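See below for the structure under consideration.
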Amino acid sequence: MTLSSYIEATRRDVEAALPTYLPAPDACPTVLLEAMKYSLLGGGKRLRPILCLASGDAVGADRAMLMPTACAIEMIHTYSLIHDDLPAMDNDTLRRGRPTLHVVAGEGQAILAGDGLLTLAFQVISAHPRSADPAFMTRKIRAIELVAGAAGAVGMVGGQAIDLACVTPDPQGRVAPALDAVALRHMHLKKTGALIRASATAGAILGGAASPLVEAIDTAAREFGLAFQIVDDILDVEGASAELGKTAGKDAAAGKPTYPSLFGLDASKRMAADCLARAETALASVQLADSPLMGIGRWIIERRN
Ligand code: GRG
């Protein structure tokens with residue numbers, strides 16, 4: 018199977034599973050359910066669930082045991098996009114090639130849809146699959162802890178707070194000082210990197226991998242996460258809105274610190290390639306250099322959207 022057919026087949030599995038975890042229509046207000054569906058079922062690469070499942074495949078897991086967590090991570094990611102697009106944050110009107118949720122449903126419902134998806138994610142991971150195997154349930158608790166940490170104040174939410182403080186004046190009109198290279202890397206590792214990293218690592222943990230294997234995948238996934246955001250910064254400069262499905266050129270317009278603004282485009286591309294090389298070294302140490310998991314890392318830096 019080629020890498021692209023592997024990714025396509027995995028994406029199809031994710032697309033089929035995602036709606037099955039939404040609340041029943043009679044249990045959730047229609048206005049809220051429709052808003053959650055608009056964003057969750059409205060496209061996207063599904064990178065994070067694909068990474069989670071590929072990591073599980075790499076350690077010989079049963080995909081059915083991982084799918085709820087893979088879908089839950091996509092719910093967390095979708096919530097972050099909804100909230101990031103709000104007028105109080107990035108104030109964006111285009112996402113995944115369509116109007117952003119607050120444009121079609123209003124700000125209040127968009128905030129609530131994000132809240133609904135975030136909390137649903139942890140309900141889904143906790144409830145599915147129900148297993149009588151205490152070892153699996155212990156691994157699941159580890160995965161919940163990992164994903165919650167990656168999504169929260171020490172992970173994605175923390176990274177977003179750093180980002181926001183750099184470009185949006187506080188009520189006293191103060192903006193945080195410009196980030197240097199170390200601080201920018203730190204922000205990227207949190208804002209985008211943490212959830213990508215946790216996607217792969219949770220797959221390995223749930224799949225029952227031994228510690229050295231989990232650690233190697235975690236090391237590689239950290240590099241994937243950083244590479245992803247560096248490439249995102251590059252695409253914001255080089256990409257077209259139509260291809261990206263979101264507004265291009267926003268980072269520079271907002272005066273955001275990015276890899277290209279700090280290092281230039283060529284050096285940024287080399288840095289993304291260096292991340293990939295470090296990921297490959299980590300995966301090679303556990304004989305996974307030729308795995309679909311590594312292939313997904315290459316896709317991360319070759320993607321055009
Ligand atoms: C609001 C708590 C909170 C967090 C927001 C991740 C994030 C933090 C904001 C997203 C802003 C953004 C566009 C960051 C660039 C990297 C990124 C996450 C891009 C979107 O992810 P993709 O490319 O999107 O995987 P798709 O649509 O393919 O799922």
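Every letter in the sequence shown is one number past the one before it in my numbering, and letter 130, counting from 1, is 147. Positions of the beta carbon are idealized from the N, C-alpha and C atoms, including for glycine. All figures in this text were calculated on a predicted structure; none of them were measured in a lab.
Please classify residue i as buried or exposed, where buried requires at least 16 neighbouring CB atoms within 10 angstroms.
| i | result |
| --- | --- |
| Q126 | buried |
| A270 | exposed |
| I251 | buried |
| V31 | buried |
| P151 | exposed |
| R191 | exposed |
| G133 | buried |
| T275 | buried |
| M18 | exposed |
| V48 | exposed |
| E91 | buried |
| G314 | buried |
| V141 | buried |
| G60 | exposed |
| I67 | buried |
| T37 | exposed |
| M82 | buried |
| R213 | Per the sequence shown, the amino acid found at residue 213 is Ile instead of Arg. Buried: at least 16 other Cβ atoms inside 10 Å. |
| M154 | exposed |
| T218 | buried |
| T136 | exposed |
| I234 | buried |
| L58 | exposed |
| V199 | exposed |
| S258 | exposed |
| R29 | exposed |
Does the Cβ of residue i lie closer than 8 Å to at least one heavy atom of the ligand GRG?
| i | result |
| --- | --- |
| S278 | no |
| Q177 | yes |
| F241 | no |
| R147 | no |
| D101 | yes |
| Q304 | no |
| H94 | yes |
| M204 | no |
| R63 | yes |
| N322 | yes |
| D307 | no |
| S21 | no |
| L212 | yes |
| L70 | no |
| G225 | no |
| L201 | no |
| T155 | no |
| K263 | yes |
| F245 | yes |
| M173 | yes |
| T209 | yes |
| D249 | yes |
| M288 | no |
| S97 | yes |
| R112 | yes |
| G60 | yes |
| M53 | no |
| D107 | yes |
Identify every residue that forms a DSSP beta bridge with residue i.
| i | result |
| --- | --- |
| P116 | L111 |
Would you check whether the ligand MN has a heavy atom nearer than 8 Å to the C-beta of residue i?
| i | result |
| --- | --- |
| Q189 | Ligands in the displayed structure: the ligand GRG; the ligand MN is not one of them. |
Using a Cβ cut-off of 9 Å (strictly closer), state whether residue i contacts chain D.
| i | result |
| --- | --- |
| V76 | The structure shown has no chain D; it contains just one protein chain. |
Segment contact flag, the stretch 97-106 with the stretch 126-138, C-beta cutoff 8 Å, min 3 pairs: Yes: at least three Cβ pairs fall under 8 Å.
Given 8 Å, three or more beta-carbon pairs between the stretch 306-321 and the stretch 232-243: Short answer: they touch.
The stretch 71-89 / the stretch 213-229 touching (three or more Cβ pairs under 8 Å): Three or more pairs of CB atoms, one per stretch, sit closer than 8 Å, so the stretch 71-89 contacts the stretch 213-229.
At least three beta-carbon pairs within less than 8 Å, the stretch 153-173 to the stretch 203-213: Contact between the stretch 153-173 and the stretch 203-213 is present, because at least three Cβ pairs lie under 8 Å.
contact_flag[the stretch 257-267, the stretch 103-121] where n(CB pairs < 8 Å) is 3 or more: Put simply, the stretch 257-267 touches the stretch 103-121. At least three CB pairs are less than 8 Å apart.
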